[in-house]
Amino acid sequence: MTANLSVDYRSPTPILRELVFRGWCERVEGRKIYTRGTVHHGDTLCAEATGLFIAMRPELFAKLLAMRDAPK
Numbered sequence: 001m002t003a004n005l006s007v008d009y010r011s012p013t014p015i016l017r018e019l020v021f022r023g024w025c026e027r028v029e030g031r032k033i034y035t036r037g038t039v040h041h042g043d044t045l046c047a048e049a050t051g052l053f054i055a056m057r058p059e060l061f062a063k064l065l066a067m068r069d070a071p072k
């Protein structure tokens, strides 16, 4: 689940042009997953992002899958 997502726009991002998106995991602390990412157009940095995601507990994930797959 997304706990926090922040995007800093560094320069105008062109439309109808090739963009390169990169994302990576910075670290994991228990169920917390800290991430970063960038968007580039050529050598130009268009945006940077940081995110904090919380991994779902396995038992909750299993319960949600069962609810999803249950007959309606």
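Going by the numbering used here, the first residue of the sequence shown is number 1, and it counts up by one from there.
We put the CB at the ideal spot given by N, CA and C, even for glycine.
Because the structure is a prediction, the values reported are computed rather than measured.
Using three-state DSSP, classify Asp8 as helix, strand or coil. Locating residue 8 in the sequence shown gives position 8, counting from the first residue. Three-state result, Asp8: strand.
Residue nearest to Gly23 in terms of C-alpha spacing, selected from Thr44, Met56, His40 and Pro71: Position 23 of the sequence shown, counted from the start, is the residue given in the question as residue 23. It is His40 whose Cα lies nearest to the Cα of Gly23.
Proximity winner among Tyr34, Ile15, Leu60 and Phe61, relative to Cys46 (alpha-carbon distances): Within the sequence shown, numbered from 1, the residue matching residue 46 stands at position 46. Taking only the C-alpha atoms, the option nearest Cys46 is Ile15.
Have a look at Lys72, Arg17, Ala3 and Ser6 and flag the residue whose alpha-carbon is nearest the alpha-carbon of Gly42. On the sequence shown, residue 42 is found 42 positions in, with the first residue counted as 1. Ranking Lys72, Arg17, Ala3 and Ser6 by Cα distance to Gly42 puts Arg17 first.
Given a cut-off of 8 Å on the beta-carbon distance, is the pair Glu29 and Arg36 in contact? Here residue 29 refers to the residue found at position 29 when the sequence shown is read from its first residue. Here residue 36 refers to the residue found at position 36 when the sequence shown is read from its first residue. No. Outside cutoff.
Under three-state DSSP, which class holds Ala70? The residue labelled residue 70 in the question sits at position 70 within the sequence shown. Reduced to three states, the DSSP call for Ala70 is coil.
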